[in-house]
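Numbering (our numbering), first residue to last: 174 to 560.
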Ligand SMILES: [Mg+2]
């Protein structure tokens, strides 16, 4: 049996800001872009959450909910260096550390360098150590598998420690509402509730046909979780599957040259990231959101994988030509690289399947957006065209 921890820093970016600027302590803080520039909340302090401010919410909305909100621009370099320190601590305890984001990780502590037989003790020691070293708090979940550990860490935030020993798994599942699952968004949750599935365990007895109508192909996934089963290992070298950046513009872009320049910049940023990571990408996807919020993605794959900035810019531009960006005002642009491989490697296959809940911030009611939004067939259609 495995002993898995899920560790999740509490309101990470916001906590770092409050730690480093005492005037922010005790005040509602949101880290993110400016409200008048269509900024988005990247992290909200617990004081801000009391007002209903949540991450991924538009900053304008956040300020409406909490007029005294202190908006702090993000400083990712600082967050990353703190994150690196924390991950070094994790890795000194076990080599089996799987990062999910800058502030979230799974650890398999079945065997650990402290020789602690109990995951709970490892979690307690890590929490204390992180607090001593960084003056930040982390919430921890300890359980026999990743799925339960992740739910547990979320159970008692901030600064929580929730343990689900094997013998209590069933009791825990019985109190777990079905919408506590990653990948079950509000729409699916509503459909499930309508089908009589309120708690996760209700999945066990629900009419399969009704269930299938509500969750489609994810029915088997849901069934396994309802039994508390999840045998995914903690993989320290889990391949990063994609990387991209997108930008929402303060005012809509209407000049085709400007749109192209912006897209070029995003593509170059992606190429720089590949360069830093020593990776190459087979697939480039662009995303265009028009002023009316209609959003399209266009994707292009080619062999061999590349990290050449000029190549990626060129591909992104060609994809832009397949949108209506010339004639419709553009609100957001994005460029993402997928099908990543280490430079010398052969192009990878479709990648090993992961459960939806392995994604840190899945969108409501769908499989991870990164997978779902890659236009179906686009890969195949374009796959053999070389640039
Ligand atoms: Mg966190």
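Note that beta-carbon positions come from the ideal geometry of N, C-alpha and C, so glycine has one too. On a predicted model such as this, the values are computed, not experimentally measured, just so you know.
Since residue i and residue j should fall inside the 8 Å C-beta cutoff, what is the C-beta to C-beta distance between them, to a whole number of angstroms?
| i | j | result |
| --- | --- | --- |
| residue 285 | residue 295 | 6 Å |
| residue 479 | residue 454 | 7 Å |
| residue 439 | residue 399 | Contact doesn't hold; Cβ gap of about 41 Å is too wide. |
| residue 181 | residue 312 | 5 Å |
| residue 282 | residue 178 | 6 Å |
| residue 308 | residue 192 | 5 Å |
| residue 205 | residue 215 | 4 Å |
| residue 464 | residue 429 | Incorrect: roughly 15 Å between the Cβ atoms, too far for contact. |
| residue 252 | residue 213 | With 8 Å as the limit, residue 252 and residue 213 do not qualify as a contact, their Cβ atoms being about 16 Å apart. |
| residue 459 | residue 471 | 5 Å |
| residue 387 | residue 361 | 6 Å |
| residue 415 | residue 513 | 7 Å |
| residue 496 | residue 461 | 5 Å |
Strictly by DSSP, which residues pair up with residue i?
| i | result |
| --- | --- |
| residue 271 | 279 |
| residue 463 | 503 |
| residue 419 | 507 |
| residue 177 | 281, 316 |
| residue 454 | 479, 513 |
| residue 350 | 372 |
| residue 474 | 456 |
| residue 310 | Answer is none; residue 310 lacks a bridge partner. |
| residue 468 | 462 |
So does residue i have its beta carbon nearer than 7 Å to some heavy atom of ligand 1?
| i | result |
| --- | --- |
| residue 277 | yes |
| residue 262 | no |
| residue 230 | no |
| residue 249 | no |
| residue 437 | no |
| residue 183 | yes |
Once DSSP output is grouped into helix, strand and coil, what is the label at residue i?
| i | result |
| --- | --- |
| residue 284 | coil |
| residue 196 | helix |
| residue 247 | coil |
| residue 373 | coil |
| residue 292 | helix |
| residue 212 | coil |
| residue 443 | helix |
| residue 436 | helix |
| residue 183 | coil |
| residue 305 | helix |
| residue 410 | coil |
| residue 203 | strand |
| residue 227 | coil |
| residue 380 | coil |
| residue 357 | coil |
| residue 217 | strand |
| residue 242 | coil |
| residue 343 | helix |
| residue 430 | helix |
| residue 393 | helix |
| residue 536 | The pLDDT assigned to residue 536 is 30, lower than 50, so where the model puts this residue is not dependable; a value taken from the coordinates is nonetheless given after this. Coil, per DSSP. |
| residue 332 | coil |
| residue 261 | helix |
| residue 404 | coil |
| residue 425 | strand |
| residue 495 | coil |
| residue 337 | coil |
| residue 188 | helix |
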